[in-house]
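Undergrad:
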């Protein structure tokens, strides 16, 4: 009996120690983030920003495209501004795996008192999960790919106004452009729709399917996973008399593999139609396929230099992240100037809201509404893949 | 004698389960979807299952001899696919191969099998052998560590980008039509995978059943200490077992790349999990069990993806694993562990 009591006492003591330590840790942590949120930061010759992206995990392919484009901007900036250089701290969010990664990255950024603004996160689900951490840290964050429409409506997925901005048009702009092209230009009557089980993909697939059904187009729906490589069974299900397959996916190599397996199954006559997540000339190269994407400017010197430096691979999914970095760096610079060499995260957020890029490599100007959306969201361009793998704008 | 007949009965039961699932699927779904569709899915499943079977053999061989779940095996398979891709690129790539295609494919297989085999040897030597007499949890943790080490090494060395084998461009988009133009289609790549996997499995069975090394392997598996007393070097046998199992994984990696095109540093995780599932379903430690398990997992996955929505395929595969484990804890062709009383 005594032994039991002793054991219970030891356990209770242990629990008390754990609770006390956790509380102490928590209370020590909270003020650190809180003070970082409001602290006045000396700008100096090097300013720090964060970048949240899926650097590892299944979507690391596209995550690293974003990182390369954002770092490309920073590299160009640092070359010209030796007295206001930018240092980028990376945070790995993964994508579609576990949003805890994104929260961890956001908390780490928030507690870094030198950090003034953030590029990212990439996915809408990661934006939703990490908003509280960014708000607690007072950080403004600009995503180059989170396109879920409800992120900016102020209520459905939580309110992040004044903190969250995006340099990519939302899904509501892309879906109608795709559906219009399918029905008005291509005159498709039967469309097979396959999402990749990610929020981005499901949102677009739902939107396009709804419009198509309203216009009397017959649709069938299926789903694959971003981890899938064998599409043979999904392809076997697709009726040969369907005219198009809509694949709003994020992994261009997956679309390429799907296209090849489709061709091998004798269904190469059914045309593929992708979304901006698949805008990867040279990677997805099934000739004759269609794709919707923001109308970037291929003649831009910035774009051409990047493409040349990456062996002809434009990795265009990362383009909006270049602009997101441009927005954050611009805001930090203006805030530092206004504060005469000192600034705060709140001042940087104000400057993000005031962004006014007359032109951008995306092919349109960038300024924000209060909701965090761009003021003039560009009309999506429609591209067709040519025999040499290039994407030709056709609409 | 009794154990032999029990094993035969077990084998028959395993085949019976396979057949029953087939019949249920066929009878229930085929009237609405058509038999061609069913057989097409079956062919797709056999191709996928052949790859799983090769991976499962690697798990089973190592488990059979060491009672170790080598969780790094999925990543050895991934490395094999990267070696195959490296050879493909070095020899001109899929669009303009510098040597005849058949020779190129052979080089890819040989290099991947050798490379993965040597990697398996190294893993055994440095990650498992020092823990041979440690509690069983230690090599398991070591295996997980090796898996992460391999994944992250490939990430650091080659980046996170996907690589595309373009296997159909390399070999052919064509194939065999069974039952006319509207019948079941088997691509030449599919034929290559099925026949290649069969060849390797037959070679493995021959090695284990009829070679001197196979005898030593079985002896070490049965009783390592007694085998050592009979003059067999268990360390050498275990090392060669790793070499053989890993080489099969490497071959599976190349087959996967050729048929399903895209490879990247994380492909080993899910494939390893499926291969492991196949080994357990078939009866871990049993070579025919691994083959049957691989085939079964491939078929079920293919049927599930074909008849149901794609997002429930894994649910069905792993649901079957639970079902088989509940009905036959030692797997379809596994023999129950004897307990000394």
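Chains as they are written, first to last, in our numbering: chain A, 494 to 888; chain B, 7 to 347. Glycine is no exception: its CB is placed at the ideal position from the N, C-alpha and C atoms.
So is residue 331 of chain B buried or exposed if we call it buried at 16+ other beta carbons inside 10 Å?
TA: Residue numbering aside, residue 331 of chain B sits at position 325 when the second chain is read from its first letter. Exposed is the call here.
Undergrad: Within this structure, are the beta carbons of residue 852 of chain A and residue 824 of chain A separated by less than 8 Å?
TA: Taking the first chain and counting its residues from 1, one reaches residue 852 of chain A at position 359. Taking the first chain and counting its residues from 1, one reaches residue 824 of chain A at position 331. Cβ atoms of residue 852 of chain A and residue 824 of chain A: not closer than 8 Å.
Undergrad: Comparing the C-beta of residue 221 of chain B with each C-beta of chain A, is any distance below 8 Å?
TA: Numbered from 1 along the second chain, position 215 holds the residue referred to as residue 221 of chain B. So no, residue 221 of chain B is outside the interface.
Undergrad: Can you find a CB in chain B that lies within less than 8 Å of the CB of residue 878 of chain A?
TA: Position 385 of the first chain, counted from the first residue, corresponds to residue 878 of chain A. Cβ-Cβ to chain B under 8 Å: no for residue 878 of chain A.
Undergrad: Scan the segment 756 to 774 of chain A for residues whose Cβ lies nearer than 7 Å to a Cβ of chain B and list them as they occur along the chain.
TA: Closer than 7 Å at the C-beta level to chain B, one finds these residues of the segment 756 to 774 of chain A: 756, 757, 758 and 759.
Undergrad: Chain A beta carbons: is any one of them nearer than 8 Å to that of residue 3 of chain B?
TA: Coverage of chain B is limited to positions 7 through 347, which leaves residue 3 of chain B absent and any answer about it impossible.
Undergrad: Please confirm whether residue 202 of chain B and residue 80 of chain B have their CB atoms less than 8 Å apart.
TA: Along the second chain, one-based indexing puts residue 202 of chain B at 196. Along the second chain, one-based indexing puts residue 80 of chain B at 74. Between residue 202 of chain B and residue 80 of chain B, the CB-CB gap reaches or exceeds 8 Å.
Undergrad: Quick test of your reading: residue 530 of chain A and residue 603 of chain A, contact by CB under 8 Å. State the CB separation rounded to the nearest angstrom.
TA: As a first step, residue 530 of chain A must be located in the first chain, where it is residue number 37. As a first step, residue 603 of chain A must be located in the first chain, where it is residue number 110. Between residue 603 of chain A and residue 530 of chain A the Cβ distance is about 7 Å, and since that is below 8 Å, they are a contact.
Undergrad: For the alpha helix (DSSP H) that residue 213 of chain B lies in, which residues bound it at each end?
TA: To locate residue 213 of chain B, count along the second chain from 1; it is residue 207. Taken as a continuous stretch (DSSP letters only), the alpha helix (DSSP H) holding residue 213 of chain B covers 194 to 216.
Undergrad: Do you know how far the Cα of residue 819 of chain A is from the Cα of residue 567 of chain A?
TA: For the purposes of this step, residue 567 of chain A is taken as the residue at position 74 of the first chain. For the purposes of this step, residue 819 of chain A is taken as the residue at position 326 of the first chain. Roughly 8 Å separates the two Cα atoms.
Undergrad: By the 10 Å Cβ neighbour count, where 16 or more other Cβ atoms means buried, how is residue 333 of chain B classified, buried or exposed?
TA: Looking up residue 333 of chain B in the second chain gives position 327. Residue burial annotation: residue 333 of chain B is exposed, with fewer than 16 other C-beta atoms found within 10 angstroms of its C-beta.
Undergrad: Going by the beta-carbon positions, is the gap between residue 763 of chain A and residue 751 of chain A smaller than 8 Å?
TA: Taking the first chain and counting its residues from 1, the one referred to as residue 763 of chain A is at position 270. Taking the first chain and counting its residues from 1, the one referred to as residue 751 of chain A is at position 258. No, Cβ-Cβ distance for residue 763 of chain A and residue 751 of chain A is not below 8 Å.
Undergrad: In the DSSP output, which residue or residues are listed as bridge partners for residue 850 of chain A?
TA: Stepping through the first chain from its first residue, residue 850 of chain A is reached at position 357. According to DSSP, residue 850 of chain A bridges with A:859.
Undergrad: Using DSSP's beta-bridge definition, name the partner residues of residue 633 of chain A.
TA: By one-based count along the first chain, residue 633 of chain A stands at place 140. Bridge partners of residue 633 of chain A: none, in fact.
Undergrad: Measuring CB atoms only, is the segment 106 to 122 of chain B touching the segment 251 to 271 of chain B, in the sense that at least three cross pairs come out at less than 8 Å?
TA: yes
Undergrad: Give the straight-line distance between the Cα atoms of residue 520 of chain A and residue 600 of chain A, rounded to the nearest whole angstrom.
TA: Taking the first chain and counting its residues from 1, one reaches residue 520 of chain A at position 27. Taking the first chain and counting its residues from 1, one reaches residue 600 of chain A at position 107. Because the pLDDT at residue 520 of chain A is just 41, under 50, the model does not fix this residue reliably, and the value given afterwards should be weighed accordingly. Roughly 15 Å between the two C-alpha positions.
Undergrad: Taking DSSP as the reference, what is the three-state secondary structure of residue 543 of chain A?
TA: Position 50 of the first chain holds residue 543 of chain A. The three-state reading of DSSP puts residue 543 of chain A in strand, counting E and B together.
Undergrad: Measuring only the C-alpha atoms, how far is residue 251 of chain B from residue 126 of chain B?
TA: In the second chain, the residue the question calls residue 251 of chain B occupies position 245. In the second chain, the residue the question calls residue 126 of chain B occupies position 120. Cα to Cα, the separation comes out at about 8 Å.
Undergrad: What does residue 166 of chain B reach in chain A if we use C-beta pairs closer than 8 Å?
TA: Here the question's residue 166 of chain B lines up with position 160 in the second chain. Here the neighbours are 548, 549, 553, 554, 556 and 557.
Undergrad: What three-state label does DSSP hand residue 56 of chain B in the structure shown?
TA: Taking the second chain and counting its residues from 1, one reaches residue 56 of chain B at position 50. DSSP places residue 56 of chain B in helix when its eight states are reduced to three.
Undergrad: Which chain A residues are close to residue 43 of chain B, counting only those with a beta carbon under 9 Å from its beta carbon?
TA: Residue 43 of chain B sits at position 37 when you count from the first residue of the second chain. 729 and 730, listed in chain order.
Undergrad: Looking at chain A, is there any beta carbon in it that lies within less than 8 Å of the beta carbon of residue 311 of chain B?
TA: The residue given as residue 311 of chain B occupies position 305 in the second chain. Judged by the 8 Å Cβ criterion, residue 311 of chain B is in contact with chain A.
Undergrad: Would you tell me roughly how many angstroms separate the C-alpha atoms of residue 621 of chain A and residue 815 of chain A, rounded to the nearest one?
TA: For the purposes of this step, residue 621 of chain A is taken as the residue at position 128 of the first chain. For the purposes of this step, residue 815 of chain A is taken as the residue at position 322 of the first chain. Using only the alpha carbons, I get a separation of about 22 Å.
Undergrad: Run through DSSP, which three-state label would residue 778 of chain A get?
TA: The count along the first chain starts at 1 and reaches residue 778 of chain A at position 285. Coil at residue 778 of chain A, not helix or strand.
Undergrad: When the Cα of residue 181 of chain B is compared with those of A:754, A:767 and A:799, which residue comes out closest?
TA: Indexing the second chain from 1 puts residue 181 of chain B at position 175. Residue 181 of chain B has its Cα closest to that of A:754, out of A:754, A:767 and A:799.
Undergrad: Going by DSSP, what residue range makes up the beta strand (DSSP E) through residue 252 of chain B?
TA: Taking the first residue of the second chain as position 1, residue 252 of chain B is located at position 246. It is not in any beta strand (DSSP E) - residue 252 of chain B instead sits in the alpha helix (DSSP H) that spans 240 to 266.
Undergrad: Taking Cβ to Cβ, would you say residue 146 of chain B is nearer than 8 Å to residue 304 of chain B?
TA: On the second chain, residue 146 of chain B is found 140 positions in, with the first residue counted as 1. On the second chain, residue 304 of chain B is found 298 positions in, with the first residue counted as 1. No, the Cβ-Cβ distance between residue 146 of chain B and residue 304 of chain B is not below 8 Å.
Undergrad: Given a threshold of 16 other Cβ atoms within 10 Å of its Cβ, counted over all protein chains shown, does residue 708 of chain A qualify as buried or as exposed?
TA: Here residue 708 of chain A refers to the residue found at position 215 of the first chain. Residue 708 of chain A counts as exposed, since fewer than 16 other C-beta atoms from the protein chains shown sit within 10 angstroms of its C-beta.
Undergrad: Hey, is residue 317 of chain B's beta-carbon within less than 8 Å of any beta-carbon in chain A?
TA: Within the second chain, the letter at position 311 stands for residue 317 of chain B. Yes, its Cβ sits closer than 8 Å to a Cβ of chain A.
Undergrad: Report back the beta-carbon spacing between residue 26 of chain B and residue 299 of chain B to the nearest angstrom; my notes put them in contact at under 8 Å.
TA: Numbered from its first residue, the second chain carries residue 26 of chain B at position 20. Numbered from its first residue, the second chain carries residue 299 of chain B at position 293. Contact doesn't hold; Cβ gap of about 16 Å is too wide.
Undergrad: Please classify residue 40 of chain B as buried or exposed, where buried requires at least 16 neighbouring CB atoms within 10 angstroms.
TA: For the purposes of this step, residue 40 of chain B is identified with residue 34 of the second chain, where counting begins at 1. Exposed, since its Cβ has fewer than 16 Cβ neighbours within 10 Å.
Undergrad: I'd like to check one pair, residue 129 of chain B with residue 210 of chain B: are the Cβ atoms closer than 8 Å?
TA: The count along the second chain starts at 1 and reaches residue 210 of chain B at position 204. The count along the second chain starts at 1 and reaches residue 129 of chain B at position 123. No, the Cβ-Cβ distance between residue 210 of chain B and residue 129 of chain B is not below 8 Å.
Undergrad: Is residue 225 of chain B closer than 8 Å to residue 235 of chain B when the C-beta atoms are compared?
TA: Translated into positions along the second chain, residue 235 of chain B becomes position 229. Translated into positions along the second chain, residue 225 of chain B becomes position 219. For residue 235 of chain B and residue 225 of chain B, no; Cβs fall outside 8 Å.
Undergrad: Of all Cβ atoms in chain C, is any one closer than 8 Å to the Cβ of residue 669 of chain A?
TA: In the displayed structure, chain C is absent; the protein chains listed are A and B.
Undergrad: Restricting to Cα atoms, I'd like to know which of A:775, A:611, A:875 and A:842 is closest to residue 883 of chain A.
TA: As a working note, residue 883 of chain A is residue 390 in the first chain. Closest option to residue 883 of chain A, Cα to Cα, is A:775.
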